[in-house]
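Scroll down for the structure; my scribbles are underneath it.
In the UniProt record's numbering, the protein residues as written are 1 to 243.
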């Protein structure tokens, strides 16, 4: 499916827009949604290949069915991405690994800051998102149900707000409302999909939203990202999937 993502950003060059982008992943948000949102925010058209994914028994991954993926893997079409998806093709060249794809697209499409220092600051905030997710997964992985419930309650009441406060303190000076520099960057997309986007990382979306309310810079950046017309258009047309 060919997707055209609205008007291009001022920093997207004609040369970049002429490149051919093809993103292959399952028909879910999963590990490709950040890249899709980067492309949408940049107004970059691309071929959005979505492979079918279903379950013989709902939620039982041992019964998963993915015929197109299996055929591509058997044919060696996914060798460059270690037999996995997402896979990005740029004028035929192949790139695997979701985070590598995100950083590549952000750099290509003017969303890694306006200089090398801002690029590092964007990358730093991306690592903060990774730290938050890792900390959450430790709580989510607790086997004792009572301990897990207590851990989850504490996570949204204390831990996640504390992480947001730390992220707020780490933000570089800038004109706002975005996290780094004066325009939307990969950092904004990553925090947006973590905390505010429809179908965000956390099952407790209200708890995630409450966590950053006392962080004015982070809150402003998330709300500015949420208000981007090209993202609103993409999300309004996006198919609802369970994950």
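Ideal Cβ positions, reconstructed from N, Cα and C, are used throughout, including at glycine.
Given the structure is predicted, the values throughout are model-derived calculations rather than measurements.
- Rounded to whole angstroms, residue 134 and residue 92 show a C-alpha spacing of 34 Å.
- Under the DSSP assignment, residue 49 falls outside any alpha helix (DSSP H), being part of the beta strand (DSSP E) whose first and last residues are 46-51.
- The beta carbons of residue 106 and residue 38 sit closer together than 8 Å.
- Restricted to the region 88-157, the alpha helix (DSSP H) segments that are unbroken, complete and at least 4 residues in length are 98-108, 116-140, 145-154, listed in chain order.
- For residue 26, the enclosing beta strand (DSSP E) has its first and last residue at 21-26.
- For residue 203, no alpha helix (DSSP H) segment is defined, and its DSSP state is neither H nor E.
- Nearest Cα to residue 27 within the set 213, 226, 54: 54.
- Around the beta carbon of residue 143, fewer than 16 other beta carbons sit within 10 angstroms, so the residue counts as exposed.
- Rounded to the nearest angstrom, the gap between the Cα atoms of residue 129 and residue 31 is 14 Å.
- Taking one beta carbon from each stretch, the region 214-227 and the region 169-185 have 3 or more pairs nearer than 8 Å; the two touch.
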